[in-house]
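Residue numbers (the working numbering): 217 to 568.
Here a beta-carbon is modelled for each residue, glycine too, at the ideal position from N, C-alpha and C.
On a predicted model such as this, the values are computed, not experimentally measured, just so you know.
Input: a single structure, listed below in structure tokens.
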Ligand code: KG4
Ligand code: ZN
């Protein structure tokens, strides 16, 4: 089954073609980062207009790259939520119009479920049956969670962040350091020349946990707000003249604090849940230090480690198309054509 997927939940206009087994036929992404960078973050109105302008060309590009014709497409998938309401609307309406025009089924996909499912886009992974259930560390810009993936549309959130997401911690940390948006890749680039042990930033302290976070394993939750505040005070004190450290050392130490907070909980989770593989998904999964740390945990436990190639970790439509195809292939009903966007769609098992 070949599915065309559309992703417009934030500031990436993306269209891709993929099959239910995770084989990607094409992946077109137009990033709007340049349009938003002067504002230090995504401006919803600008993002929505840019999606309208870009979608026709990005779609044609995806079809062309895949070497298929419109009649070869079996279904249309689009991100239904969570995300920016105005941006989601553009992609969802375009997908519905295409489905009506081609007389093919339409399926609305959960953006974070698609990130988790992206571990199946790893071309080196063993067959699906051999790696599920998988423990997946989901680290996107707005979410951080530990998820047990059982199959398409079947997942359980066992823990999540109680405050900032890991990506948010990196983006806010980069802002404090005067680095451009998005901060994650900038911190990684600068950290390469630094010493990760230079400054002992606090690792996530889950004792600060809010009581209203209901997940099956609260002791495996994450917290990043403390280390961000520690960075802020550190930079302020440095500005006030109490010592000086090179930027690469600060970036490397801060990145190490974020990565170790994540991997500590992954190790604990592997002691508690029975899984057949370890995975990592979402934009922060592009980070080389995190990928290596996760791979080494998996190696030590004799588990396969599954992570998508970097271009399928940050927002993309290949994961939307692949999950849409897998859901339809396993008998999930298409989404009614009058279904609306769900900007705050919770991930199964999390507190909305
Ligand atoms: O999954 P994603 O593309 O968007 C959301 O669904 O939120 O994740 C974006 C996040 C941003 O916080 C960005 O700074 C982070 O992924 N990111 C990285 C890297 N590339 C992107 N973080 C660390 N290292 C990277 N190389
Ligand atoms: Zn995302």
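Which partner residues does residue i have in the DSSP bridge list?
i: residue 521; result: 494
i: residue 258; result: For residue 258, which the question treats as bridged, DSSP gives no partner whatsoever.
i: residue 242; result: 233
i: residue 486; result: Paired residue(s): none; residue 486 is not in a bridge.
i: residue 247; result: 228
i: residue 219; result: 234, 291
i: residue 438; result: 377
i: residue 367; result: 370
i: residue 353; result: 362, 496
Between residue i and residue j, which are expected to be in contact by the criterion C-beta below 8 Å, what is the C-beta distance as a whole number of angstroms?
i: residue 377; j: residue 280; result: Between residue 280 and residue 377 the Cβ distance is about 40 Å, and since that is not below 8 Å, they are no contact.
i: residue 440; j: residue 477; result: 7 Å
i: residue 351; j: residue 336; result: That pair is no contact at about 14 Å.
i: residue 353; j: residue 563; result: Between residue 563 and residue 353 the Cβ distance is about 14 Å, and since that is not below 8 Å, they are no contact.
i: residue 481; j: residue 412; result: Residue 481 to residue 412, Cβ: 19 Å. No contact.
i: residue 316; j: residue 553; result: 7 Å
i: residue 278; j: residue 242; result: 5 Å
i: residue 384; j: residue 358; result: 7 Å
i: residue 467; j: residue 392; result: About 11 Å separates the two Cβ atoms, so there is no contact after all.
i: residue 289; j: residue 347; result: That belief does not hold up - the Cβ atoms of residue 289 and residue 347 are roughly 28 Å apart, past 8 Å.
Three-state secondary structure (DSSP) at residue i?
i: residue 377; result: strand
i: residue 326; result: strand
i: residue 533; result: coil
i: residue 311; result: helix
i: residue 551; result: coil
i: residue 446; result: helix
i: residue 331; result: helix
i: residue 560; result: coil
i: residue 568; result: Per-residue confidence for residue 568 stands at a pLDDT of 44, beneath the threshold of 50, marking its modelled position as unreliable; no derived number is given.
i: residue 252; result: helix
i: residue 394; result: coil
i: residue 462; result: coil
i: residue 540; result: helix
i: residue 469; result: helix
i: residue 420; result: coil
i: residue 320; result: coil
i: residue 507; result: helix
i: residue 338; result: coil
i: residue 400; result: helix
i: residue 415; result: coil
i: residue 477; result: helix
i: residue 163; result: Here the chain has residues from 217 to 568 only, and residue 163 is not among them.
i: residue 385; result: helix
With 8 Å as the threshold, decide whether the Cβ of residue i is near any Cβ in chain C.
i: residue 399; result: The structure shown contains no chain C, having only a single protein chain.
Contact the stretch 532-542 vs the stretch 280-295: 3+ CB pairs below 8 Å: The stretch 532-542 is in contact with the stretch 280-295.
At least 3 beta-carbon pairs within less than 8 Å: the stretch 217-236 vs the stretch 257-264: In short, these stretches touch, since the Cβ pair count reaches three.
Cβ pair count under 8 Å reaching 3, the stretch 511-530 against the stretch 481-496: By the Cβ criterion, the stretch 511-530 is in contact with the stretch 481-496, since at least three pairs of Cβ atoms, one from each stretch, lie closer than 8 Å.
Touching by the beta-carbon criterion (3+ pairs, under 8 Å), the stretch 235-249 and the stretch 535-554: Touching, yes, given that three or more Cβ pairs across the two stretches are closer than 8 Å.
Whole runs of the beta strand (DSSP E) within the stretch 262-309, excluding any shorter than 3 residues: 291-297, all fully within the stretch 262-309.
Three CB pairs or more closer than 8 Å across the stretch 306-317 and the stretch 267-282: Yes: at least three Cβ pairs fall under 8 Å.
Segment contact flag, the stretch 519-529 with the stretch 490-501, C-beta cutoff 8 Å, min 3 pairs: Judged by Cβ distances under 8 Å, the stretch 519-529 makes contact with the stretch 490-501, as three or more pairs qualify.
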